[in-house]
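Peer 1:
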Amino acid sequence: MPSFNTKSKLDPAMIADLPVELGIGKLLGMKIEQLEPGTSIEGYVERAKLALKLAQEYDFVYVHLKGPDEPGHDGMFQLKKKRIEEIDSGFFSVLASSKDLEKMVICVTCDHSTPWKDKAHSDDPVPVLIINKSTREDGKRARFTEKDAKMGVLGTIPFGSMVLERFLGRTSSS
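Next up, the structure:
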């Protein structure tokens, strides 16, 4: 398997806490920063600050946030919603307030859906949000939801393997 750097020409780092993600990062030749598992606002703040620090050294920083997945498996809608709100408050608020934000390209997505009603992973499409200094609103969507995302300017990206190419701006259509 080629390294992430070989495939993308980017020097990558990863922030994660679970064995599967850490193993994938090692397999792909990423710089690994392992943190303790956690879903607190403070934990998300810590991850955001570390991501900003790593972004000074690396071209690409992958941050794995597990928070909403477990409540999805347990069928706990309110807790899943709370975890997403905690990510917004802890992780994204730190990124949004960073003066370095203009130098970055940020991609927000999921590796899979875990609908709380199903209590299991599904093959439903997941939203993808790509932001950089030249990003402009498409004027169509006001929320980052599955329903709104599929009607946004990126449309539906048919294969997960195409997200990186779209993120890097190497393709113009799916």
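Note that this note's numbering numbers the sequence shown so that position 97 is 97, with each residue one more than the last.
Even glycine gets a Cβ: it sits at the ideal position worked out from N, Cα and C.
By the DSSP assignment, the beta strand (DSSP E) with residue 120 in it spans what residues?
Peer 2: Counting from one through the sequence shown, the residue named residue 120 turns up at place 120. Careful: residue 120 lies outside any beta strand (DSSP E) and carries neither H nor E.
Peer 1: Considering only the alpha carbon of each residue, which of 83, 42 and 62 lies closest to residue 51?
Peer 2: Within the sequence shown, residue 51 is the residue found at index 51, counting from 1. For residue 51, the nearest C-alpha among the options comes from 62.
Peer 1: Suppose contacts are defined by Cβ-Cβ distances below 8 Å. Is residue 167 in contact with residue 110 by that definition?
Peer 2: Mapped onto the sequence shown, residue 167 falls at position 167. Mapped onto the sequence shown, residue 110 falls at position 110. No.
Peer 1: From which residue to which residue does the alpha helix (DSSP H) around residue 19 run?
Peer 2: Position 19 of the sequence shown, counted from the start, is the residue given in the question as residue 19. Per DSSP, residue 19 belongs to the alpha helix (DSSP H) from 19-27.
Peer 1: Which residues does DSSP list as the beta-bridge partners of residue 31?
Peer 2: One-based indexing of the sequence shown puts residue 31 at position 31. Answer is 13.
Peer 1: Could you have a look at residue 113 and say whether DSSP puts it in helix, strand or coil?
Peer 2: For this step, residue 113 is matched to residue 113 along the sequence shown. If DSSP states are grouped into helix, strand and coil, residue 113 belongs with the strands.
Peer 1: Would residue 73 pass as a contact of residue 119 if the rule is Cβ separation under 8 Å?
Peer 2: Position 73 of the sequence shown, counted from the start, is the residue given in the question as residue 73. Position 119 of the sequence shown, counted from the start, is the residue given in the question as residue 119. It is a contact, given that the beta carbons lie within the stated cut-off.
Peer 1: Tell me the rounded alpha-carbon separation between residue 127 and residue 93.
Peer 2: Locating residue 127 in the sequence shown gives position 127, counting from the first residue. Locating residue 93 in the sequence shown gives position 93, counting from the first residue. Roughly 19 Å between the two C-alpha positions.
Peer 1: What would DSSP say about residue 105, mapped onto helix, strand or coil?
Peer 2: The residue given as residue 105 occupies position 105 in the sequence shown. In this structure, residue 105 counts as coil in the three-state DSSP scheme.
Peer 1: What residue range is occupied by the uninterrupted beta strand (DSSP E) comprising residue 129?
Peer 2: To locate residue 129, count along the sequence shown from 1; it is residue 129. It spans 129-131 - the beta strand (DSSP E) in which residue 129 sits, taken as one unbroken run.
Peer 1: Would you tell me roughly how many angstroms separate the C-alpha atoms of residue 113 and residue 49, rounded to the nearest one?
Peer 2: Numbered from 1 along the sequence shown, position 113 holds the residue referred to as residue 113. Numbered from 1 along the sequence shown, position 49 holds the residue referred to as residue 49. Their backbone Cα atoms lie some 26 Å apart in a straight line.
Peer 1: Buried or exposed: where does residue 33 fall if 16 or more other Cβ atoms within 10 Å of its Cβ makes it buried?
Peer 2: Sequence index remark: in the sequence shown, residue 33 carries index 33 (1-based). Buried.
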